[in-house]
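Quick note, the sequences are listed as chains A and B, same order.
Just so we're aligned: the first sequence equals residues 146 to 541 in this note's numbering.
Just so we're aligned: the second sequence equals residues 146 to 541 in this note's numbering.
Note that beta-carbon positions come from the ideal geometry of N, C-alpha and C, so glycine has one too.
Number of protein chains: 2
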Amino acid sequence: MTLDSSTIQIPKRLLMGPGPSEVDPRVYKAMMQPVIGYLDPVLFQILDQLQDRLRSVFRTRNTVTLPISATGGAGMEASLYNFIEPGDSVAVLIGGLFASRIGDIAGRCGANVIRIDHSPGKAADLDHVRSVLKGKKLKILAAVHSETSTGVYQQIEPLRKIADDTGALLLIDTVSSLGGIPVEVDAWGIDICYSGSQKCLGCPPGLSPITVSDRAAQAMREKKTPAASWYLDLQLISQYWSKERKYHHTPPITMLYALNESLRLLLDEGLEVACERHRRSHLALVEGLSAMGLSMFVEDRAARAWTLNTIRIPKGVDDAKVRVYLLERFGIEIGAGIGDMRGSIWRVGLLGLTAKAECVLLLLHALESALIENGFSCNKGAGVAAAEKIYQTAAK
Amino acid sequence: MTLDSSTIQIPKRLLMGPGPSEVDPRVYKAMMQPVIGYLDPVLFQILDQLQDRLRSVFRTRNTVTLPISATGGAGMEASLYNFIEPGDSVAVLIGGLFASRIGDIAGRCGANVIRIDHSPGKAADLDHVRSVLKGKKLKILAAVHSETSTGVYQQIEPLRKIADDTGALLLIDTVSSLGGIPVEVDAWGIDICYSGSQKCLGCPPGLSPITVSDRAAQAMREKKTPAASWYLDLQLISQYWSKERKYHHTPPITMLYALNESLRLLLDEGLEVACERHRRSHLALVEGLSAMGLSMFVEDRAARAWTLNTIRIPKGVDDAKVRVYLLERFGIEIGAGIGDMRGSIWRVGLLGLTAKAECVLLLLHALESALIENGFSCNKGAGVAAAEKIYQTAAK
Chain A
146 MTLDSSTIQI
156 PKRLLMGPGP
166 SEVDPRVYKA
176 MMQPVIGYLD
186 PVLFQILDQL
196 QDRLRSVFRT
206 RNTVTLPISA
216 TGGAGMEASL
226 YNFIEPGDSV
236 AVLIGGLFAS
246 RIGDIAGRCG
256 ANVIRIDHSP
266 GKAADLDHVR
276 SVLKGKKLKI
286 LAAVHSETST
296 GVYQQIEPLR
306 KIADDTGALL
316 LIDTVSSLGG
326 IPVEVDAWGI
336 DICYSGSQKC
346 LGCPPGLSPI
356 TVSDRAAQAM
366 REKKTPAASW
376 YLDLQLISQY
386 WSKERKYHHT
396 PPITMLYALN
406 ESLRLLLDEG
416 LEVACERHRR
426 SHLALVEGLS
436 AMGLSMFVED
446 RAARAWTLNT
456 IRIPKGVDDA
466 KVRVYLLERF
476 GIEIGAGIGD
486 MRGSIWRVGL
496 LGLTAKAECV
506 LLLLHALESA
516 LIENGFSCNK
526 GAGVAAAEKI
536 YQTAAK
Chain B
146 MTLDSSTIQI
156 PKRLLMGPGP
166 SEVDPRVYKA
176 MMQPVIGYLD
186 PVLFQILDQL
196 QDRLRSVFRT
206 RNTVTLPISA
216 TGGAGMEASL
226 YNFIEPGDSV
236 AVLIGGLFAS
246 RIGDIAGRCG
256 ANVIRIDHSP
266 GKAADLDHVR
276 SVLKGKKLKI
286 LAAVHSETST
296 GVYQQIEPLR
306 KIADDTGALL
316 LIDTVSSLGG
326 IPVEVDAWGI
336 DICYSGSQKC
346 LGCPPGLSPI
356 TVSDRAAQAM
366 REKKTPAASW
376 YLDLQLISQY
386 WSKERKYHHT
396 PPITMLYALN
406 ESLRLLLDEG
416 LEVACERHRR
426 SHLALVEGLS
436 AMGLSMFVED
446 RAARAWTLNT
456 IRIPKGVDDA
466 KVRVYLLERF
476 GIEIGAGIGD
486 MRGSIWRVGL
496 LGLTAKAECV
506 LLLLHALESA
516 LIENGFSCNK
526 GAGVAAAEKI
536 YQTAAK
């Protein structure tokens with residue numbers, strides 16, 4: 146075994162893929178704060194503050210609101226493990242990879258999974274959903290707010306009524322929406338909601354904020370079998386994140402500092418202001434792309450997630466060559482299509498810090514250059530100019 | 146909801162509890178490196194380097210060697226989920242909380258759990274274990290190398306024969322030993338071994354290194370049902386941590402930088418040198434405590450973990466008052482007893498950076514002061530002098 150004691154030099158990238166996203170220097174600095182013990186009284190102050198900030202961002206008063214000590218996928222699992230008993234029916238609206246994963250995990254929990262598939266480029270047709278679920282008794286109705294694999298935005302509010310009709314808890318994945326697109330946990334009646342630290346919240350990957358309504362917490366307590374996962378058992382975790390402070394596992398303390406600071410930055414800016422910044426940048430990007438002769442994968446404007454923009458790769462253009470060119474020439478990362486979408490779309494994240502004019506204009510310029518390099522004819526400067534116009538209109 | 150936008154000042158502590166442990170400034174600095182994408186070619190170099198370093202620390206050539214994206218408890222779960230089919234028999238040697246947790250989680254996986262209890266202050270009696278397991282067919286035989294709740298060291302090598310006799314995979318928890326007490330995964334024939342980032346490895350909490358023998362990897366592949374947890378499904382995770390680089394979840398990239406750097410520091414020092422440093426500090430601490438009139442919870446010297454030192458709280462001394470005094474007056478954190486041991490022992494971690502003379506001597510001085518403050522009569526300076534002698538002998 147050869148031991149390499151060198152340090153690999155990490156280049157500075159501009160992260161405009163599906164996440165992780167750019168991290169503010171103040172968040173990096175927060176991670177330099179000394180690690181302290183999991184029962185240190187000063188840490189308890191931080192846990193309380195972090196929970197308050199999470200409640201503000203989720204727009205909820207839920208008692209059970211905390212970051213799961215792992216990435217978004219574990220938040221998804223916690224959202225299922227703690228509620229499903231083997232044999233329970235769980236319906237999932239599926240139009241992409243992450244919704245499909247909810248179905249897979251619910252299946253691993255022993256649920257009877259009702260997969261309601263819809264076209265990847267569209268939001269779910271709610272009439273169809275209603276008809277499929279008519280007369281059914283569900284434990285959970287699950288959907289993804291902003292599907293990171295397709296860039297589709299799903300309206301959540303109408304799902305509450307469908308959940309009520311089936312007796313279901315409403316579970317929503319807000320991994321790539323929270324902090325960039327309005328999420329109203331209490332007002333929309335979401336029972337179980339999870340996200341990831343590394344998208345619009347602007348923190349490194351490693352934590353999955355979750356919030357659970359009182360009704361869902363009740364269902365969790367009434368569940369006959371314990372959650373299959375001890376690590377993700379919310380009843381045990383909650384004992385640590387409450388006045389009890391009962392040890393469960395050593396939380397990732399440095400990551401908690403990071404998330405606490407990134408939430409502070411978000412709330413200092415203002416949630417509404419941040420969401421409007423994301424919306425505006427999305428519109429500017431779409432106009433710019435359109436002026437360059439590119440088209441969006443999601444045709445219905447109302448079904449486009451502001452945070453995750455999917456672009457059809459024009460015929461004859463080499464997917465990988467363009468992405469490598471962007472990375473090597475401009476240091477910009479954009480995302481490839483994932484699963485079935487590989488080779489047919491690009492995914493451009495406007496997640497947190499990159500949802501602003503400088504980044505959008507640079508990307509449009511860089512993409513134009515990459516496309517021309519790859520034989521696609523673009524009207525030089527048209528993309529940047531069209532996007533500029535959107536920002537200028539907003540500034541007036 | 147009131148929003149508090151203040152930043153809580155985090156005091157500098159000297160972490161001499163059961164973990165998290167002290168973090169080297171170079172590790173904090175590594176976390177300031179910019180986050181990059183999970184498919185960035187530069188990240189792949191780091192993943193390869195990190196895996197090589199983990200193999201060196203585990204002393205193994207196992208292909209499946211990687212950090213689980215969560216803390217030690219998740220490593221424990223991954224070690225069970227990926228191997229157990231409902232109905233499998235799993236035997237666990239139990240003398241403390243963490244071994245007991247292995248039994249609990251194996252139960253949640255649907256295993257038939259054979260709990261072989263032994264006294265918390267002693268290592269397991271292997272003759273007794275042999276007689277309990279005689280003629281039994283097991284899927285897994287599990288034990289904890291250094292039991293963080295009791296400070297008991299369990300010799301691992303003889304367990305291989307018992308595992309062989311029962312057809313079992315040998316699963317070892319090295320959370321508070323790896324990097325401080327020799328661990329020989331290949332030489333001892335351990336099949337499944339996990340640890341935590343925040344003990345002797347000197348990294349913040351958040352990752353759980355794991356290694357799996359080829360034989361165990363084969364068992365994992367032959368398992369009929371998928372692991373109950375998708376997040377901890379090692380077959381899926383391995384596809385990302387291999388040449389395939391298939392996306393599974395966004396790893397906690399900043400934490401990977403931290404672990405990679407902390408492993409570099411450990412390997413640069415030399416594993417043997419680091420373990421000897423832990424052993425020497427343990428001996429100095431024990432001599433010092435003895436000179437102060439205190440006694441160790443683990444009576445048999447050979448059964449004491451060098452990294453986790455448990456001290457009997459003398460009669461009439463208030464557990465909490467002493468710990469609070471140490472924290473407030475000296476900024477030193479030591480650990481309370483956990484579970485049944487609460488109020489009867491203190492846990493002093495010599496994990497990574499604090500396993501050295503300056504820290505041991507300071508702790509002995511501070512503890513002497515705390516005890517005198519609490520009405521326990523100590524011969525002033527005796528503890529420090531006795532410990533000094535051990536270090537001086539070593540220096541000759």
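Proximal residues of chain B, C-beta to C-beta of residue i below 8 Å
i        : result
GLU222/A : SER374, TRP375, TYR376
ARG158/A : PRO179, ILE181, GLY182, ASP185
MET176/A : TYR173, MET176, MET177, THR399
ARG253/A : PRO371, ALA372, ALA373, SER374, TRP375
Continuous alpha helix (DSSP H) stretch holding residue i: start and end
i        : result
TYR376/B : Looking at the DSSP string, TYR376/B is not in any alpha helix (DSSP H), and its letter there is neither H nor E.
LEU482/A : Looking at the sequence itself, residue 482/A is Gly, so the reference to Leu does not match. GLY482/A -> no alpha helix (DSSP H), and no H or E assigned at all.
VAL202/B : 186-203
VAL139/A : As shown, chain A starts at 146 and ends at 541. That puts residue 139/A outside it, with no answer to give.
LEU506/A : 502-518
ILE250/A : 242-253
Check whether residue i and residue j have beta carbons under 9 Å apart
i        : j        : result
LEU512/A : VAL467/A : yes
PRO165/B : TYR183/A : yes
ILE479/A : ARG487/A : no
GLU167/A : VAL180/B : yes
LEU428/A : PRO327/A : no
GLY497/A : LYS344/A : yes
LEU192/B : ILE355/B : no
VAL320/A : GLY217/A : yes
GLY528/A : GLY433/A : yes
ILE335/A : LEU316/A : yes
GLY241/B : VAL277/B : no
LEU377/B : ALA215/B : yes
Partners in chain A for residue i, counting only beta-carbon separations shorter than 7 Å
i        : result
THR92/B  : Past the boundaries of the shown model lies residue 92/B; chain B is included only from 146 to 541, so the question cannot be answered.
GLU421/B : Result: empty, since nearest Cβ-Cβ is about 19 Å, beyond 7 Å.
GLN190/B : ILE153
ASP249/B : TRP375
GLU561/B : This structure gives no information on residue 561/B, because the portion of chain B shown stretches from 146 to 541.
Partners in chain B for residue i, counting only beta-carbon separations shorter than 7 Å
i        : result
ALA215/A : SER214, ALA215, ALA219, TYR376
ILE337/A : The premise fails here: ILE337/A is roughly 16 Å from chain B at the closest Cβ pair, so nothing lies under 7 Å.
VAL168/A : VAL180
PRO350/A : THR395, PRO396, PRO397, ILE398
Neighbourhood of residue i by C-beta distance below 7 Å, restricted to the same chain and skipping five residues each side
i        : result
SER201/A : LEU412
MET146/B : In this predicted model, MET146/B has a pLDDT of only 42, less than 50, meaning its place in the structure is not dependable enough to derive any value.
TRP333/B : ILE301, GLU302, ARG305
SER440/B : ARG457
MET161/B : ILE477, GLU478, ILE479, VAL493, GLY494, THR499, CYS504, LEU508
LYS157/A : GLY476
Residues near residue i by beta carbon distance below 6 Å, same chain, minus five either side
i        : result
VAL289/A : PHE243, ALA244, ASP318
Nearest residue (CA-CA) to residue i, options the options
i        : options                                : result
ILE259/A : ALA268/A, GLY248/A, GLY266/A           : GLY248/A
GLU406/B : SER276/B, VAL235/B, PHE475/B, ASP197/B : ASP197/B
PRO459/B : VAL469/B, GLY232/B, ALA515/B, HIS423/B : ALA515/B
ALA287/B : VAL277/B, ALA308/B, SER522/B, SER353/B : ALA308/B
ALA313/A : LEU323/A, LYS279/A, VAL297/A           : LYS279/A
Beta strand (DSSP E) segment containing residue i, residue limits
i        : result
PRO212/A : 209-213
VAL462/A : Counting along the chain, VAL462/A falls outside any beta strand (DSSP E), and DSSP gives it neither H nor E.
ASP318/A : 314-318
Proximal residues of chain B, C-beta to C-beta of residue i below 9 Å
i        : result
HIS427/A : Ordered by position in chain B, no residue passes the 9 Å Cβ test against HIS427/A, which lies about 20 Å from the chain.
ILE562/A : As shown, chain A starts at 146 and ends at 541. That puts residue 562/A outside it, with no answer to give.
GLN343/A : VAL180, THR395, PRO397, ILE398
Residues of its chain near residue i, where Cβ-Cβ distance is below 8 Å and the 5 sequence neighbours each way are ignored
i        : result
GLU230/A : GLY255, LYS284, LYS368, LYS369, THR370
VAL172/B : GLY347, CYS348, PRO349, ALA403, GLU406, SER407, LEU410
ASN524/A : ALA436, MET437, GLY438
ASP270/A : HIS263
Contacts that residue i makes with chain A (C-beta to C-beta distance below 8 Å)
i        : result
GLY164/B : THR395
is_contact[residue i, chain C] using C-beta, thresh 9 Å
i        : result
ALA481/A : No chain C is part of this structure, whose protein chains are labelled A and B.
Proximal chain A residues relative to residue i, where beta-carbon distance stays under 9 Å
i        : result
GLU478/B : ILE181, GLY182, LEU184, ASP185
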